[in-house]
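In what follows, a single structure is set out as structure tokens and then discussed.
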Amino acid sequence: MLLVVIFVAIVALLLMITWLKLNPFISLIITAVGVGLAAGMPLDKVIDSIKTGLGNTLGFIAIVLAFGTMLGKMMAESGGAERIAQTLIKRFGQKNIHWAMMFVAFIVGIPVFFQVGFVLLIPLVFTIAVETGMSLVPIGLSLVAGLSIVHGIVPPHPAAMATVGIFKADTGLTILYALIVGLPAAMIAGPLYGKWIGKRIHKTVPESMAKQLVTREQKELPGFGNTIFTIILPVILMLLSTFADLWISAGSQLHRILKFIGDPVVALLLATLYSFVSLGKLRGFNRDLILKFSNDCLAPTASILLVIGGGGAFNKVLLDSGVGDSIADVAKHSHLSPILLAWLVAALIRVSTGSATVAMLTSAGIVAPIAAAIPGTSPELLVLATGAGSLILSHVNDSGFWMIKEYFGMSVKETLLTWTVMETILSVVGLIITLLLSLVV
Numbered sequence: 000m001l002l003v004v005i006f007v008a009i010v011a012l013l014l015m016i017t018w019l020k021l022n023p024f025i026s027l028i029i030t031a032v033g034v035g036l037a038a039g040m041p042l043d044k045v046i047d048s049i050k051t052g053l054g055n056t057l058g059f060i061a062i063v064l065a066f067g068t069m070l071g072k073m074m075a076e077s078g079g080a081e082r083i084a085q086t087l088i089k090r091f092g093q094k095n096i097h098w099a100m101m102f103v104a105f106i107v108g109i110p111v112f113f114q115v116g117f118v119l120l121i122p123l124v125f126t127i128a129v130e131t132g133m134s135l136v137p138i139g140l141s142l143v144a145g146l147s148i149v150h151g152i153v154p155p156h157p158a159a160m161a162t163v164g165i166f167k168a169d170t171g172l173t174i175l176y177a178l179i180v181g182l183p184a185a186m187i188a189g190p191l192y193g194k195w196i197g198k199r200i201h202k203t204v205p206e207s208m209a210k211q212l213v214t215r216e217q218k219e220l221p222g223f224g225n226t227i228f229t230i231i232l233p234v235i236l237m238l239l240s241t242f243a244d245l246w247i248s249a250g251s252q253l254h255r256i257l258k259f260i261g262d263p264v265v266a267l268l269l270a271t272l273y274s275f276v277s278l279g280k281l282r283g284f285n286r287d288l289i290l291k292f293s294n295d296c297l298a299p300t301a302s303i304l305l306v307i308g309g310g311g312a313f314n315k316v317l318l319d320s321g322v323g324d325s326i327a328d329v330a331k332h333s334h335l336s337p338i339l340l341a342w343l344v345a346a347l348i349r350v351s352t353g354s355a356t357v358a359m360l361t362s363a364g365i366v367a368p369i370a371a372a373i374p375g376t377s378p379e380l381l382v383l384a385t386g387a388g389s390l391i392l393s394h395v396n397d398s399g400f401w402m403i404k405e406y407f408g409m410s411v412k413e414t415l416l417t418w419t420v421m422e423t424i425l426s427v428v429g430l431i432i433t434l435l436l437s438l439v440v
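In numbering that gives the first Met the number 0, the protein residues as written are 0 to 440.
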């Protein structure tokens, strides 16, 4: 019954946005209330879930988007994004620039959250699109494909690391197998599919974003090395946090300091402050101008934040209504192989709730005892199958769906044909390669 409620809710949400032309934020909140009531949740619990879901989502995303947008604005105004774009175009050629974006995203995405990597690199995507005249679609899909697959299956991302622990897998082997699975999946879902669908859906940089994150007026561009260091500074700080867990005693002062500066919020704050100097003061911008840049760039993010928050509220109501538990009960009585079961359960929970993290952790908890009773299944491959399943079919109940839609200026239909299909390709190709690996591992 709960799954029927979810299906009806998703159809209603799509109709409100596409037919009634309601604002997506309002539509998401209305749908969240409807799901809560239809699922039999107490009235006060429905409102509490909406508040909690919106607040928890924005508690992290709002800070990340704010700092990331300011950093992107400094890259744009200083000419740093244009410098990187010109260098990549020169090295890879305009025809292969989407391949360059996929590899850059894959590398940058290893130590950072999807949202952090996205806001760090999206100014670069916009600048390349303006410089080359290419559609945003092949460049943008290559970016998010690299970030998404790493976020889903490669430790040290939190959900992947937690799944490693649940399955008692070896972290090093998991990373090795994840690279074998992740790179081909990202290549197919990003550059290859992106180029194909990009010929059918041509999107230019949204005007509001172009004004803030792209500029072509700067004649003297900053150095490539300085610009690259500025953009990867938060990545370096987050890597230090990861290394601290591996090599430094947990109770030491140095460990606490490295964990603090390696937190995504602190790392982006430090990188943003550094950009005010490296791409601001040293480029001849005075304090008033830097303040103006950091104030002006935040306005376009307001509607994006509300829509993402609405997606988080909808997601929370779905979780609190017990959808994940319903799927878990069904899965426990199935007789599939552990790898297929892990992928399928994660996929069902992802489609129903919109949360990749919840899908991974719930699926791992269900499948781990089943896998333990069936000898010969690699725990590392179970981690990959679970992660691949958690990426499938991102749609209107996922805050990431709305983030991509708003930043790329796409309609719901266009987002489904690009982002949703790309995520599904990542998931299915990831499963296929994992099954092939299981023949030899």
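Glycine included, C-beta positions come from ideal geometry on N, C-alpha and C.
| Asked | Found |
| --- | --- |
| Compute the Euclidean distance between the alpha carbons of T433 and V395, then round it to the nearest angstrom. | 28 Å |
| Of the choices S141, L123, S351, F117, whose alpha-carbon is the least far from that of I5? | S351 |
| Comparing alpha-carbon positions, which option in A372, V129, T56, L140 lies nearest F117? | L140 |
| How do the segment 93-104 and the segment 47-59 stand: do at least 3 beta-carbon pairs fall below 8 Å, yes or no? | no |
| Could you tell me how far apart the beta carbons of F313 and A84 are, in whole angstroms, since I believe they sit closer than 8 Å? | Actually they are not in contact, since the Cβ atoms of F313 and A84 sit about 36 Å apart, beyond 8 Å. |
| Output the distance between the C-alpha atoms of A61 and S336, rounded to the nearest integer angstrom. | 41 Å |
| How far does the alpha helix (DSSP H) with H150 in it reach, from first residue to last? | 135-152 |
| Can you give me the C-alpha to C-alpha distance between T35 and V316, rounded to a whole angstrom? | Correcting the residue type first, residue 35 is Gly in the shown sequence and not Thr. Distance between the alpha carbons of G35 and V316 is about 6 Å. |
| Give the range of the alpha helix (DSSP H) segment to which K404 is assigned. | 398-407 |
| My assumption, with CB atoms under 8 Å, is that I369 sits in contact with L343. Please give the rounded CB distance. | Rounded, the Cβ-Cβ distance is 12 Å, inconsistent with contact. |
| Determine the closest residue to L304 out of G54, L2, I121, with distance taken between C-alpha atoms. | G54 |
| Which of the three DSSP states is assigned to H394 in this structure? | coil |
| Considering just the uninterrupted stretch of the alpha helix (DSSP H) at W195, what are its terminal residues? | 192-197 |
| Could you give the distance in angstroms between the alpha-carbon of L392 and the alpha-carbon of Q252? | 43 Å |
| Can you give the beta carbon distance from T226 to F66, rounded, assuming they're within the 8 Å contact cut? | T226 to F66, Cβ: 17 Å. No contact. |
| When you compare each of V427, G308, L380 to D397 by their alpha carbons, which one comes out closest? | G308 |
| Which same chain residues end up closer than 6 Å to M74 when comparing Cβ atoms and leaving out the 5 residues on each side of it in sequence? | A80, P122 |
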